[in-house]
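> Just so you know, the protein sequences line up as chains A and B, in that order.
Taking the numbering used here, the leading residue of the first sequence gets 1479, the next gets one more, and so forth.
Taking the numbering used here, the leading residue of the second sequence gets 165, the next gets one more, and so forth.
Ideal Cβ placement from N, Cα and C applies to all residues, glycine included.
What you are looking at is a predicted structure, and each value in this text was computed from that prediction instead of being measured.
Attaching a single structure in structure tokens format; questions to follow.
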Amino acid sequence: LAKTTQPISMDSYEGQEVNITCSHNNIATNDYITWYQQFPSQGPRFIIQGYKTKVTNEVASLFIPADRKSSTLSLPRVSLSDTAVYYCLGVQTGANNLFFGTGTRLTVIP
Amino acid sequence: DSGVTQTPKHLITATGQRVTLRCSPRSGDLSVYWYQQSLDQGLQFLIQYYNGEERAKGNILERFSAQQFPDLHSELNLSSLELGDSALYFCASSVAGAASLGGEQFFGPGTRLTVL
């Protein structure tokens, strides 16, 4: 099964770079790795998606090693508004199933 | 605003009852996903529909069913409700087709179901 595991929580000071790693075994070679952000009482919001190596957009970077058994979401210079829960999403195409990780609660401290 | 709408926002009902949750995807999106989020189980994928057809199935109970209509809106039916079914139910949509599971999904605001 394509399960995903993440750290339960992380704290960071404002202005620092935060890296959150997700382990996802058995991910298929042609499946994307996706990360979402969720604020309390809201639906998750797409952050970034990648297939291999490194992807960067205006809010984050995503690093995926060659074996694709993990991925790291990097948030540069976090602010208080980045306090949220971050989820990685694993896809098991063969079994037609999706697995969200348990989520990492990021708390940004002033 | 993601462009995905869900109704109702809140629903309170009793055990044994049946409820229907409704989702309208973003304009142009053919895929609809349903998720359940509870405190002890996190975000659980239930089911996906693509252009009216069931595309993928996750941890959906037999008491739950869904469908996607020709106008692409979707309904999730929950029956014989139990206390443990109390949760937030999210709908998401994406443009991804049948060949792609997952992809960038746009989530609605959710329906909070409370079973008493």
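#1: May I ask you to list the residues that DSSP assigns as paired with residue 221 of chain B?
#2: Just to confirm, are residue 1540 of chain A and residue 1588 of chain A a CB contact at a threshold of 8 Å?
#3: Which value, in whole angstroms, describes the spacing of the CA atoms of residue 244 of chain B and residue 229 of chain B?
#4: Between the segment 1575–1588 of chain A and the segment 182–191 of chain B, do at least 3 Cβ pairs fall closer than 8 Å?
#5: If the cut is a Cβ gap below 8 Å, which residues of chain B does residue 1584 of chain A touch?
#6: For residue 1574 of chain A, decide whether its Cβ has a neighbour in chain B, counting only Cβ atoms nearer than 8 Å.
#7: With a threshold of 16 other CB atoms inside 10 Å of the CB of residue 227 of chain B, please say whether the residue is buried or exposed.
#8: Looking at C-alpha atoms only, which residue of B:206, B:225 and B:232 is the closest neighbour of residue 187 of chain B?
#9: Are any of the Cβ atoms in chain B nearer than 8 Å to that of residue 1578 of chain A?
#10: Give me the Cβ distance between residue 238 of chain B and residue 196 of chain B, rounded to the nearest whole Å; I'm assuming they're in contact under 8 Å.
#11: Identify which residue in B:217, B:222 and B:275 has its Cα closest to the Cα of residue 208 of chain B.
#12: Between the beta-carbon of residue 1490 of chain A and the beta-carbon of residue 1556 of chain A, is there less than 8 Å?
#13: Residues of chain A with CB closer than 9 Å to the CB of residue 239 of chain B, please, in chain order.
#14: Between A:1525, A:1534 and A:1537, which lies nearest to residue 1512 of chain A when the distance is taken from Cα to Cα?
#15: Going by other Cβ atoms of all chains shown within 10 Å of its Cβ, with 16 needed for buried, is residue 174 of chain B buried or exposed?
#16: Under 9 Å between beta-carbons, which chain A residues line up against residue 273 of chain B? List them in chain order, please.
#17: Give me the subset of the segment 212–238 of chain B whose CB atoms are less than 9 Å from a CB atom of chain A, sorted by chain position.
#18: Should residue 1537 of chain A be labelled buried (16 or more other beta-carbon atoms within 10 Å of its own) or exposed?
#19: Just to confirm, is the Cβ distance from residue 1521 of chain A to residue 1510 of chain A under 8 Å?
#20: So, for residue 1531 of chain A: in the same chain, excluding its five sequence neighbours on each side, which residues have a beta-carbon less than 7 Å away from its beta-carbon?
#21: Excluding the five sequence neighbours on either side, which residues of its own chain have a C-beta within less than 6 Å of the C-beta of residue 176 of chain B, listed in chain order?
#22: What span of residues does the beta strand (DSSP E) with residue 174 of chain B cover, start to end?
Let me lay it out:
#1: In the second sequence, the residue the question calls residue 221 of chain B occupies position 57. Paired residues: B:211.
#2: Here residue 1540 of chain A refers to the residue found at position 62 when the first sequence is read from its first residue. Here residue 1588 of chain A refers to the residue found at position 110 when the first sequence is read from its first residue. For residue 1540 of chain A and residue 1588 of chain A, no; Cβs fall outside 8 Å.
#3: Position 80 of the second sequence, counting from 1, holds the residue named residue 244 of chain B. Position 65 of the second sequence, counting from 1, holds the residue named residue 229 of chain B. Each residue's alpha carbon lies about 12 Å from the other.
#4: no
#5: Counting from one through the first sequence, the residue named residue 1584 of chain A turns up at place 106. The premise fails here: residue 1584 of chain A is roughly 16 Å from chain B at the closest Cβ pair, so nothing lies under 8 Å.
#6: Translated into the one-based positions of the first sequence, residue 1574 of chain A becomes position 96. Yes, residue 1574 of chain A lies at the interface with chain B (some Cβ there is under 8 Å from its Cβ).
#7: By one-based count along the second sequence, residue 227 of chain B stands at place 63. Exposed, because fewer than 16 other Cβ atoms sit within 10 Å of the Cβ of residue 227 of chain B.
#8: Residue mapping note: residue 187 of chain B aligns to position 23 of the second sequence, counting from 1. If we check each option's Cα against that of residue 187 of chain B, B:232 comes out closest.
#9: Indexing the first sequence from 1 puts residue 1578 of chain A at position 100. With 8 Å as the cut-off, residue 1578 of chain A counts as an interface residue toward chain B.
#10: Stepping through the second sequence from its first residue, residue 238 of chain B is reached at position 74. Stepping through the second sequence from its first residue, residue 196 of chain B is reached at position 32. 4 Å between Cβ atoms; contact.
#11: By one-based count along the second sequence, residue 208 of chain B stands at place 44. That would be B:222, whose Cα lies nearest to the Cα of residue 208 of chain B.
#12: Translated into positions along the first sequence, residue 1490 of chain A becomes position 12. Translated into positions along the first sequence, residue 1556 of chain A becomes position 78. For residue 1490 of chain A and residue 1556 of chain A, yes; Cβs fall inside 8 Å.
#13: Position 75 of the second sequence holds residue 239 of chain B. The contacting residues do not exist; residue 239 of chain B stays about 18 Å from chain A at best.
#14: Within the first sequence, residue 1512 of chain A is the residue found at index 34, counting from 1. Per the Cα distances, A:1525.
#15: As a working note, residue 174 of chain B is residue 10 in the second sequence. Residue 174 of chain B should be labelled exposed.
#16: Taking the second sequence and counting its residues from 1, the one referred to as residue 273 of chain B is at position 109. The answer, in chain order, is 1519, 1520 and 1521.
#17: 212, 219, 220, 221, 222 and 223
#18: The residue given as residue 1537 of chain A occupies position 59 in the first sequence. So residue 1537 of chain A ends up on the exposed side.
#19: As a first step, residue 1521 of chain A must be located in the first sequence, where it is residue number 43. As a first step, residue 1510 of chain A must be located in the first sequence, where it is residue number 32. It is not a contact, given that the beta carbons lie outside the stated cut-off.
#20: Locating residue 1531 of chain A in the first sequence gives position 53, where the first residue counts as 1. 1542, listed in sequence order.
#21: As a position in the second sequence, residue 176 of chain B is number 12, starting the count at 1. The residues are 278.
#22: To locate residue 174 of chain B, count along the second sequence from 1; it is residue 10. 174–177 is the extent of the beta strand (DSSP E) around residue 174 of chain B.
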